[in-house]
Amino acid sequence: MGLQLPKRAAGNARKVALPLALGSSLLLLSGCSFGTVDEWKRVAMPEPASTQGEHILALWQGAWIAAMVTGVIVWALIFYAVIAFRRKSDDEVPVQTRYNLPLEIFYTIAPIMMVIVFFAHTVKVQDAVLDDSVVPDNTIEVVGQQWSWTFNYGVGEQDNAANDDATDDKFPYSSYVYTAGTASHIPTLVLPVNETTRFNLHSPDVIHDFGVPGFLMKMDVVPGRVNHYAITPTTIGTYDGKCYELCGVYHSRMLFQVKVVTRAEYDQYIQDLAQDPNSSSDTPLLGGSEAYTQAGLESGDESTGGAE
Ligand SMILES: [Cu+2]
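Position 211 (the sequence shown) corresponds to 211 in the UniProt record's numbering; numbering is contiguous.
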């Protein structure tokens, strides 16, 4: 004889069993995983593949720890108040507090202090990540345009003084080789490992945003000004990059690949590009009025939004 449950308990068990079974099979079907210990430690950030990314990760983790500590204190206070000051009998009204000056001063000052600390750490990390006193080993002129990217690599020695004023038309190299993506072809950016590469960011049309999740860095590409940042990739491999700023209809096509390679492979890549006369130029191709450089404008390509 099986176990005899009282009628009501058996009904309740059924009520619980069905959602439980549904819930767990949904979890299984969705392939939901709770992540590795390392993923938890990074609070879902990708593993940083650049030295700059380490700083960003530390800021992210610190912010989460601060937020969790604050959360635990707040939850503890909420539950303490709910339980300790509950109405204990029907004929009793708990003490009604109208104001408490010390407490009000505390909960005004504490968040202000927290914002100041968050801000200070953010500025510190920003200064470390955007440190212009670090002389870049390479400079690449990056163009974000509707709807792809152009990467201009310098050939020969670079003159870093040309980077001081981004508004003039002096560039750090005397000649360039380039690759340009199109709406149907995702371009590849090649970077030498353990070298600092500076990106000068140009846009001929609207605001884009140049970022690689694996490097934990991104920055707006703004028409009319040249933003820049530098990355020192630390791990050889292939990464995905994307436009982080909704820039129009085909924004989602503004993907690119990043290949981090050895110095020798990088040199070989630049040499190969230089062999192709269609990929060489005295100055970097910055898109815009030089319409032939604008990705997506190839004949027969229907996705030429943004053309004049
Ligand atoms: Cu874009």
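Backbone N, C-alpha and C fix where the C-beta goes; we use that ideal spot for every residue, glycine too. Remember, it's a predicted structure, so these values are computed and weren't measured experimentally.
Subject >> Cβ-Cβ separation, residue 245 to residue 208 (assumed contact under 8 Å), whole Å >> reply: In this structure residue 208 touches residue 245 by the C-beta definition: roughly 5 Å separates them, less than 8 Å.
Subject >> Cβ-heavy atom distance, residue 219 to ligand 2, below 7 Å >> reply: In terms of ligand content, the structure shown lacks ligand 2 and carries ligand 1 instead.
Subject >> Backbone CA spacing between residue 305 and residue 250 [nearest angstrom] >> reply: Because the pLDDT at residue 305 is just 41, under 50, the model does not fix this residue reliably, and the value given afterwards should be weighed accordingly. So the two alpha carbons sit approximately 8 Å from each other.
Subject >> Every unbroken beta strand (DSSP E) within the region 162-237, with a cutoff of 3 residues, ordered by chain >> reply: If we require 3 residues or more, the beta strand (DSSP E) runs fully inside the region 162-237 come out as 175-180, 188-192, 197-202, 208-212, 217-221 and 227-231.
Original post:
Exposed or buried, what is residue 109 when buried is set at 16 or more other beta-carbons lying within 10 Å of its beta-carbon?
Top reply: Burial is judged here by how many other beta carbons sit within 10 angstroms of a residue's own beta carbon; residue 109 has fewer than 16 and is exposed.
**OP:** Examine ligand 1 and report whether any of its heavy atoms sits within less than 7 Å of the Cβ of residue 322.
**Re:** Missing from the structure shown is residue 322; the chain here goes from 1 to 308 and no further.
Original post:
Between residue 141 and residue 228, what straight-line distance do the alpha-carbon atoms span, to the nearest angstrom?
Top reply: Our two residues, residue 141 and residue 228, have alpha carbons roughly 9 Å apart in a direct line.
Original post:
Just checking my contact of residue 135 with residue 152 at CB under 8 Å: how many whole Å lie between their CB atoms?
Top reply: About 19 Å separates the Cβ atoms of residue 135 and residue 152, ruling out a contact at the 8 Å cut-off.
**OP:** Please determine, among 177, 195 and 286, the residue with the shortest C-alpha to C-alpha distance to residue 273.
**Re:** When each option's Cα is compared against that of residue 273, the closest is 177.
**OP:** Look up residue 307 in the DSSP assignment and say whether it is helix, strand or coil.
**Re:** In this predicted model, residue 307 has a pLDDT of only 38, less than 50, meaning its place in the structure is not dependable enough to derive any value.
**OP:** Output the distance between the C-alpha atoms of residue 150 and residue 225, rounded to the nearest integer angstrom.
**Re:** Their backbone Cα atoms lie some 17 Å apart in a straight line.
Subject >> Closest Cα partner of residue 247 within the set 277, 147 and 212 >> reply: Nearest of 277, 147 and 212 to residue 247, Cα basis: 147.
Original post:
Can you round the beta-carbon distance between residue 57 and residue 42 to whole angstroms, since I take them to be within the 8 Å contact cut?
Top reply: Between residue 57 and residue 42 a beta carbon distance of about 6 Å is seen, short of the 8 Å cut, so the two are scored as contacting.
**OP:** Let me know the secondary structure DSSP gives residue 147 once reduced to three states.
**Re:** Of the three classes helix, strand and coil, the one that applies to residue 147 here is coil, per DSSP.
Original post:
Would DSSP call residue 252 helix, strand or coil?
Top reply: Residue 252: helix per DSSP, three-state reduction.
Original post:
Should residue 49 and residue 211 be called a contact, given that it needs their Cβ atoms to be closer than 8 Å?
Top reply: The answer is no: Cβ separation not under 8 Å.
Original post:
Any contact of the region 265-272 with the region 162-171, i.e. 3+ C-beta pairs under 8 Å?
Top reply: Here the region 265-272 makes no contact with the region 162-171; the two share fewer than three CB pairs at distances below 8 Å.
**OP:** Can you tell me which of 144, 197, 79 and 189 puts its alpha carbon nearest to the alpha carbon of residue 257?
**Re:** The candidate whose alpha carbon is nearest that of residue 257 is 189.
Subject >> C-alpha distance - residue 182 paired with residue 194, whole-angstrom precision >> reply: Cα to Cα, residue 182 sits roughly 29 Å from residue 194.
Subject >> Bridge partner(s) assigned by DSSP for residue 240 >> reply: Note: residue 240 sits in a beta bridge opposite 257.
Original post:
Is residue 113 buried or exposed, if buried means 16 or more other CB atoms sit within 10 Å of its CB?
Top reply: The C-beta of residue 113 has fewer than 16 other C-beta atoms within 10 Å across all chains shown, which makes the residue exposed.
Original post:
Since residue 51 and residue 234 are thought to touch, with beta carbons under 8 Å apart, how far apart are those beta carbons, to the nearest angstrom?
Top reply: Contact between residue 51 and residue 234 holds, with the beta-carbon distance rounding to 6 Å and staying under 8 Å.
Original post:
Who are the Cβ neighbours of residue 100 in its own chain at under 8 Å, not counting the five residues just before and after it?
Top reply: Answer for residue 100: no residue qualifies.
**OP:** Assign residue 80 to buried or exposed, taking buried as 16 or more other Cβ atoms, counted over all protein chains shown, within 10 Å of its Cβ.
**Re:** Per the 10 Å Cβ criterion, exposed.
Original post:
Sorted by chain position, which residues of the same chain lie with C-beta nearer than 6 Å to residue 275's C-beta, five sequence neighbours on each side aside?
Top reply: Answer for residue 275: no residue qualifies.
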